[in-house]
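Report on the structure given below.
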Amino acid sequence: MINLEKILTQHAVEAVMALYGIQPDENLLQVQQTRKEFEGNYTFVVFPLLKISKQSPEATATAIGEYLQTNCKEIARFNVIKGFLNLVIADACWLQFLSETTIDTHYGCAEASGESPQKMIEYSSPNTNKPLHLGHIRNNLLGYSLAKILAAAGHRIIKVNLVNDRGIHICKSMLAWKHWGNGETPASSGKKGDHLVGDYYVKFDVEYKKEIERLTGEGMSREEAERKAPLILEAQEMLRKWEAKDPETIALWETMNGWVYDGFDVTYKRLGVDFDRIYYESQTYLSGKEIVAEGLRKKIFYQKPDGSVWVDLTADGLDEKLLLRSDGTSVYMTQDIGTACQRFEEYDIDELVYVVGNEQDYHFKVLSLVLGKLGYPWAKNLKHMSYGMVELPDGKMKSREGTVVDADDLMDEMTETARDMSRELGKLDGLSTDEAEKIVKTIGMGALKYFMLKVDPKKNMLFDPKESIDFNGNTGPFIQYTHARIQSVLRKAAESGIEIRTDIDTNIKLNGKEIELIHAIYDFPGTVKAAAETFSPALIANYVYELAKEYNQFYHDYSILKEENTNVRAFRLLLSKDTAQVIRTALDLLGIDSPERM
RNA sequence: GGCCCCGUAGUUCAGUUGAAUAGAACGUCAGAUUCCGGUUCUGAAGGUCACAGGUUUGAGUCCUGUCGGGGUCACCA
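Right, dumping it as structure tokens:
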């Protein structure tokens, strides 16, 4: 595939050499897209060249423009506005690109081979004491999309999930169920397993608070009451029993976690995400202790009189960080050190990406530094895909305060809205209920996924439960609609016996909308690359929205099948088909399906 | 308090390594369509890019400070 940016830059370098006799640094000549309000497709800003040309901006731009026009066949004409040299790419060049490039499912995507670099992506990582909420949705969608985008950039990918299945919070649910559950099971109450367990987690908190109130009423300080309430003591006792592998405790733990996993499976399936391997903290929480001990022997870490082990990061501008408690047990950091080592030993990976919220920026900074101090050469290949939190209009989501937006509920609402709209428009009337339902789900999830992914991952985003997610404007369904509409045109073409040809006439005179569209299609591979480099599905989302909008404008202004010039008709048909394919591929990178009709 | 991130139309968001008159969408108002799908298209109104300095031919973007918001500094994970 031709690389217009590269061709233009090279010719511009030649032009400066020919005109001024000086070899300019290439980064003085960076091409950029011409802004919509000016004629042209690519623009050079000539201000940086004035020191070389010793001429006015206009004179410099004009001289280079004239050189390019005569020496570069891709350029049809140019115009100069102040220091901006706007270049118009020849129609024939665009048409040649379109006829020579195969735009199929591989377009824009590099094929990974056995030799390609391999990356592991850890995402989702739920706790097994409560159901997934909106924050988890953002994590899952980002992780899954990132995996797709990195694969499209030519990497081999391993998706992993580290389930937090142990700890005091799990014991709280277990304890509450033991006390107040009356043997309730998902089967007996018809409740989804993760929701059932989550309800007992909330129940624990309610009862725990009551005990605290009672104790403070009896004159105990709040702090002491929180520490000495019978329930919390009981939960801690349960955790000790669990760690001692007490059979009864383990059995209850396995049963309740099983319910949660059944629930999670349903949610994951609806979200359309999956994993190549699942790690459980119950199996990894002890790892890392030996590595820390080794680091202590090598004096990379130090020990305090009480026996706790620390690392001093003050020289790196950070604090001191605990690595082992005084009783010798491990903490979060210890475990992450251990699992990182384990993964680099077990797999041939060159990068480990953690999709984790930005409240853990500090944690991952420390993790990389500590592993570096331990001498692991791959420590610099740990990447934290840090994303912002989802906020509600009145602030953060707090599970204990009941201000969470439940993942299952939200997905239900989205499909419900999609169903209502489809019914109103009657577009699915001729289809079987199964088919119609499938499309409705595709649209509902498309709306939700696009809403979450179009925002720059790094930034916090706002979700207002009172205002449902839109289906018009810059939304998933708008883009899906464009795809479905093109499919409809392609079906009509097939019905009328009009074949789609790729050997299009390169002498066609293109209109502005057509050029914009081809240009957008041409830009897709670069967008995929940029999204992979910056870990940003949002770039893909914003790109595909622009593409869909371009197509709708073109569609509105020009006929395709009714065009009388059969060469032009063939070209427009191919352009439509290619647009649909790029939309489909781009949406797929976001984990969004493209319906044939909707 | 230390460190990190953020502050762009009424609202939700774009804005590549500095570059032209800062762009969409929603909402509001006004329009289009002999149609291959009206979940479409066009237009209007709406901005001191938090504030103040600085660097630069040129700053929403880089630097410093101030104000405002969030995160984090647990022998929780």
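Under numbering that gives the first Met the number 0, the first residue of the first sequence carries the number 0, and numbering increases by one thereafter. Even glycine gets a Cβ: it sits at the ideal position worked out from N, Cα and C.
Secondary structure at residue i, three-state DSSP: helix, strand or coil?
i	result
residue 354	strand
residue 499	coil
residue 196	helix
residue 460	strand
residue 106	coil
residue 132	strand
residue 24	coil
residue 119	strand
residue 386	strand
residue 490	helix
residue 480	helix
residue 475	helix
residue 521	helix
residue 375	coil
residue 152	strand
residue 485	helix
residue 391	strand
residue 301	strand
residue 126	strand
residue 381	strand
residue 114	coil
residue 507	coil
residue 592	coil
residue 217	coil
Identify, in the order they occur along the chain, each residue of the same chain with its Cβ nearer than 6 Å to the Cβ of residue i, setting aside the five sequence neighbours on each side.
i	result
residue 441	592, 594
residue 360	385
residue 455	537
residue 419	none
residue 269	410
residue 197	129, 130
residue 500	569
residue 392	463
residue 365	320
My understanding is that residue i touches residue j, with C-beta atoms under 8 Å, so please give their C-beta distance in whole angstroms.
i	j	result
residue 520	residue 581	5 Å
residue 62	residue 18	5 Å
residue 329	residue 288	5 Å
residue 143	residue 176	Actually they are not in contact, since the Cβ atoms of residue 143 and residue 176 sit about 32 Å apart, beyond 8 Å.
residue 121	residue 149	The Cβ separation is near 13 Å, so there is no contact.
residue 80	residue 37	7 Å
residue 241	residue 324	Not really, about 17 Å apart at Cβ, beyond 8 Å.
residue 427	residue 435	4 Å
residue 193	residue 274	Going by Cβ atoms, the distance from residue 193 to residue 274 rounds to 17 Å, so no, they are not a contact pair.
residue 439	residue 421	6 Å
What is the residue span of the alpha helix (DSSP H) that residue i lies within?
i	result
residue 256	246-270
residue 291	288-296
residue 6	3-19
residue 547	536-556
residue 165	No alpha helix (DSSP H) contains residue 165, which DSSP labels as neither H nor E.
residue 585	565-588
residue 231	229-242
residue 185	185-188
Can you list, in chain order, the residues of its chain with a C-beta nearer than 7 Å to that of residue i? Leave out the 5 residues immediately preceding and following it.
i	result
residue 286	334, 337, 338, 341
residue 543	478, 582, 585, 586
residue 476	442, 445, 446, 470
residue 228	207, 210, 211, 214
residue 49	56, 59
Which same chain residues, not among the five before or five after residue i, have their C-beta less than 8 Å away from its C-beta?
i	result
residue 409	133, 136, 447
residue 41	3, 4, 7, 30, 31, 32, 33, 85, 86, 88
residue 21	15, 51
residue 343	351, 375, 377
Taking residue i as part of the beta strand (DSSP E), name the residues at either end of that continuous run.
i	result
residue 418	First-last for residue 418: 406-424, but that is the alpha helix (DSSP H), not the beta strand (DSSP E).
residue 308	308-311
residue 159	155-162
residue 279	276-279
- Which runs of the beta strand (DSSP E) spanning at least 3 residues fall entirely within the region 319-351, listed in chain order? Whole beta strand (DSSP E) segments, 3+ residues: 319-323.
- Message: In chain order, what are the residue ranges of uninterrupted alpha helix (DSSP H) at least 4 long that sit wholly in the region 28-103?
- Response: Runs of the alpha helix (DSSP H) inside the region 28-103: 49-52, 56-70, 90-99.
- Fully enclosed by the region 426-462, which alpha helix (DSSP H) runs are 4 residues long or longer? Segments of the alpha helix (DSSP H) lying fully in the region 426-462: 432-452.
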